[in-house]
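Novice: This is the structure, below, for whatever I ask next.
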DNA sequence: GCGTCCACTTGATCTCGGTCAAGGTTTTCT
DNA sequence: AGAAAACCTTGACCGAGATCAAGTGGACGC
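Residue numbers (UniProt numbering), protein chains in the order written: chain A, 1 to 247; chain B, 1 to 247.
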């Protein structure tokens, strides 16, 4: 999903995570050029990194922590439209103002590039534009997959979809594969999950309890999840057990 | 929204509509290069242009007619994830198989480019990749705006959102501006609207009737719509009357 | 002209998820 | 340690929208 796991780093061992998102092939010159214009920023959990509508004078990628993209209506209804995990890219070359709030869910460190030099670099380095195009297309696919979740799935399917995405993302990061049980900690509160899924936090809580009762997931405490059978979870999500391996 | 109206053609008078989507600045060489690898395809209303999962050996843009991108679950639930109007781009450089069904809603003519030559051209012509990046970012914004519609808006607000998008798109095409009444024909059946909005066709019908009763829209027949006051319609959509002028 | 089909409308009823409310548990602060 | 604040769970009730069903109206073929 928005989790940008499709980026292929197979021939990318030397590439520091902070550049993965924008380095196409670990080309030394590009890395050096990026290195020269980068700087770091830290944010505390709960802090808003960028307000919707604000001037945005940098782009960058998440080094550590989790941030969310959210849209808010005047009456306070909010919808999360993206989840940013380490290596995900934030920002929009060619546009000045932010379209959504970016909020740090945990403590976050970002590796930033001032927008103007980054755009110059992009213009002189075709790899980078092509890289960003691929990443953006991936995010577009993820957003559209999420439209199906929001528009047509039941509450239970929505929760199962979210858990399945986090579980698979987690399994791929920890290199454990999808055959055994997957264990992870939920990076989101019930309320944040609700905002992502277009539900209320009560419904999220009830459906998590139901999945637990039905042994689709195991819960220790409130956040520590074990998925004994990812196939079962994906069935619950209404996904074809094969289709989702793209993500 | 997915309607790719943000493309700036202000300095683009000579640019045939079939190339608008991919020509960055009407650069003559690019146009000629594109001209050499293009071909046309026609589709009848109702025909599926591309099946999800199929090999996709071309990219292209819509010349005339309307097509939709839809995702379908095994049990038949469907969600439209994009609406393709003339000049919109279809396809995914760098990926082989289609992620969704593309269906012709009306008769459609597409201007296609075989994928390989197009990718070669893109690699040798930085403008094109940058152009596509901008377009894709616009579509991503549109998809995310639609996530708010799907996740958080009521049925009435959803209908108003869709009508408001079509009305504004239409007003911008016909150059009439947003001050007077806007008149247009709905390009979608009630069922297609339902698929776009995550509703049933009965609910769509009821809410259209309600908006008509409340004089937010006028209806002649089933498809011919007059919007006397676009501001009023946007209020009904839950949009800030200013925010949406981006689209 | 008449039946058929398709897109649409409207009504009656049901249900999933929202809302309101109360209580529990964990973390944080003093 | 004790108080306060987050965060989470569970219950009772309600309502928006889904579902099921019947009917309308226009387009088209025969």
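C-beta atoms are modelled at their ideal positions from N, C-alpha and C, and glycine is treated no differently.
(1) Which of the residues in the stretch 134-148 of chain A, read from start to end, lie with their CB under 8 Å from any CB of chain B?
(2) For residue 77 (chain B), return the contacting residues in chain A, with the cut-off set at a CB-CB distance below 7 Å.
(3) So that I know if they touch, is there some Cβ in chain A lying closer than 9 Å to that of residue 160 (chain B)?
(4) If we define contact as Cβ-Cβ less than 9 Å, is residue 110 (chain B) a contact residue for chain A?
(5) Assuming residue 196 (chain A) is part of the alpha helix (DSSP H), what are its boundary residues?
(6) Classify residue 153 (chain B) as buried or exposed, calling it buried when 16 or more other Cβ atoms lie within 10 Å of its own Cβ.
(7) Hey, which unbroken runs of the beta strand (DSSP E) at 3 residues or more fall wholly within the stretch 129-205 of chain B?
(8) Under 8 Å Cβ to Cβ from residue 177 (chain A), same chain only, skipping five residues before and after it: list those, please.
(9) Which residues in chain B sit within 8 Å of residue 82 (chain A), going by Cβ to Cβ distance?
(10) Out of B:55, B:101, B:107, B:80, state which residue places its alpha-carbon closest to the alpha-carbon of residue 41 (chain B).
(11) Give me the DSSP bridge partner(s) of residue 99 (chain A).
(12) For residue 220 (chain A), I'd like the list of residues in its chain whose CB is within less than 8 Å of its CB, leaving aside the five on either flank, ordered along the chain.
(13) Does DSSP put residue 234 (chain A) in a helix, in a strand, or in coil?
(14) Just mark residue 181 (chain B) as buried or exposed, buried being the case when its beta carbon has 16 or more other beta carbons within 10 Å.
(15) Is there a C-beta anywhere in chain B that falls below 9 Å from the one on residue 92 (chain A)?
(16) Please look up how many angstroms separate the CB atoms of residue 158 (chain B) and residue 197 (chain B), rounded, as I've assumed it's under 8 Å.
(17) Kindly list the residues whose CB is nearer than 6 Å to the CB of residue 25 (chain B), restricted to its own chain and excluding five residues on each side of it in sequence; keep chain order.
(18) Could you compute how far the alpha carbon of residue 119 (chain B) sits from the alpha carbon of residue 192 (chain A)?
(19) Nearest-angstrom Cα distance between residue 174 (chain B) and residue 145 (chain B)?
(20) Using only the alpha-carbon positions, how far apart do residue 149 (chain B) and residue 143 (chain B) sit?
(21) Using a beta-carbon distance below 9 Å, is residue 191 (chain A) in contact with chain B?
(22) Can you tell me whether DSSP reads residue 110 (chain A) as helix, strand or coil?
(23) Can you find a C-beta in chain B that's less than 9 Å from the C-beta of residue 234 (chain A)?
Specialist: Taking the definition as stated:
(1) Taking 8 Å as the Cβ-Cβ cut-off against chain B, the residues of the stretch 134-148 of chain A that qualify are 134, 136, 137, 139, 140, 141, 143, 144, 145, 146, 147, 148.
(2) Taking a Cβ-Cβ cut-off of 7 Å, the neighbours of residue 77 (chain B) in chain A comprise 152, given in sequence order.
(3) Between residue 160 (chain B) and chain A, the shortest Cβ-Cβ separation is not below 9 Å.
(4) Chain A contact via Cβ: absent.
(5) Taken as a continuous stretch (DSSP letters only), the alpha helix (DSSP H) holding residue 196 (chain A) covers 190-197.
(6) By the neighbour-count criterion, in which a residue is buried when 16 or more other Cβ atoms sit within 10 angstroms of its Cβ, residue 153 (chain B) is buried.
(7) Entirely contained in the stretch 129-205 of chain B, the beta strand (DSSP E) runs reaching 3 residues are, in chain order, 182-185.
(8) Same-chain partners within the cutoff: 171.
(9) Annotation: Cβ neighbours of residue 82 (chain A) in chain B (cutoff 8 Å, chain order): 144.
(10) Nearest C-alpha to residue 41 (chain B): B:107.
(11) Paired residue(s): none; residue 99 (chain A) is not in a bridge.
(12) For residue 220 (chain A), where only same-chain residues beyond five positions count, the Cβ hits under 8 Å are 226.
(13) Reduced to three states, the DSSP call for residue 234 (chain A) is helix.
(14) Looking at its Cβ environment, which holds fewer than 16 other Cβ atoms inside 10 Å, residue 181 (chain B) is exposed.
(15) So, interface residue.
(16) Between residue 197 (chain B) and residue 158 (chain B) the Cβ distance is about 4 Å, and since that is below 8 Å, they are a contact.
(17) At residue 25 (chain B), the pLDDT of 43 sits below 50, so the modelled position is not reliable and the matter cannot be decided from this model.
(18) When only Cα atoms are considered, residue 119 (chain B) and residue 192 (chain A) end up about 40 Å apart.
(19) Spanning the two alpha carbons is a distance of roughly 24 Å.
(20) The C-alpha of residue 143 (chain B) is placed about 10 Å away from the C-alpha of residue 149 (chain B).
(21) No, because no Cβ of chain B sits closer than 9 Å to the Cβ of residue 191 (chain A).
(22) In the structure shown, residue 110 (chain A) adopts extended strand secondary structure according to DSSP, grouped into three states.
(23) With a threshold of 9 Å between beta carbons, residue 234 (chain A) makes no contact with chain B.
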